[in-house]
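Colleague: In UniProt numbering, the protein residues as written are 1 to 92.
Sharing a structure, written as structure tokens. Questions coming.
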Amino acid sequence: MKMKLATVQFFVISLLLSSSLFMLSNADSSSCNGKCNARCSKAGRQDRCLKYCNICCEKCDDHCVPSGTYGHKDECPCYRDMKNSKGQPKCP
């Protein structure tokens with residue numbers, strides 16, 4: 001009986017630890033999602049805006065997204081300076 005109880009306890013503790021580690025690993029992406037949702041709230045093509053905003057946010061070390069729905073890119077130099085293959089700004 002003690003062996004079964006110890007096995008169950010081990011399993012439960014393992015699940016709790018793995019779920020908390022998973023939540024910590026996704027913390028940065030969720031901060032990007034919130035910032036990009038605000039940034040793209042007035043975009044004509046929201047799906048496209050969100051896609052590129054999240055790509056840019058994830059690539060920047062500080063996960064910076066400029067405030068507001070347009071402009072203010074000087075707040076985030078990494079975000080501002082990313083270019084697409086044609087040399088145009090990548091981030092919305």
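Cβ coordinates follow ideal geometry from the N, Cα and C atoms, glycine included.
1) If you measure from the CB of C76, is any heavy atom of the ligand MG nearer than 7 Å?
2) Taking only runs of the alpha helix (DSSP H) that begin and end inside the region 22 to 71, which ones reach a length of at least 4 residues, in chain order?
3) Could one say the Cβ of Q9 lies closer than 8 Å to chain B's Cβ atoms, at least one of them?
4) With 16 other CB atoms within 10 Å as the buried threshold, where does N54 fall?
5) Cβ of residue 111 within 8 Å of Cβ of C32?
Modeller: According to the structure shown:
1) This structure lacks the ligand MG; in fact it carries no ligand of any kind.
2) The alpha helix (DSSP H) runs lying completely inside the region 22 to 71 and spanning 4 residues or more are 27 to 39, 46 to 59, given in chain order.
3) Of the protein chains in this structure there is only one, and it is not chain B.
4) Residue environment: N54 is assigned as buried (16 or more neighbouring CB atoms within 10 Å of its CB, all protein chains considered).
5) Outside the shown range of the chain (1 to 92) lies residue 111, about which nothing can therefore be said.
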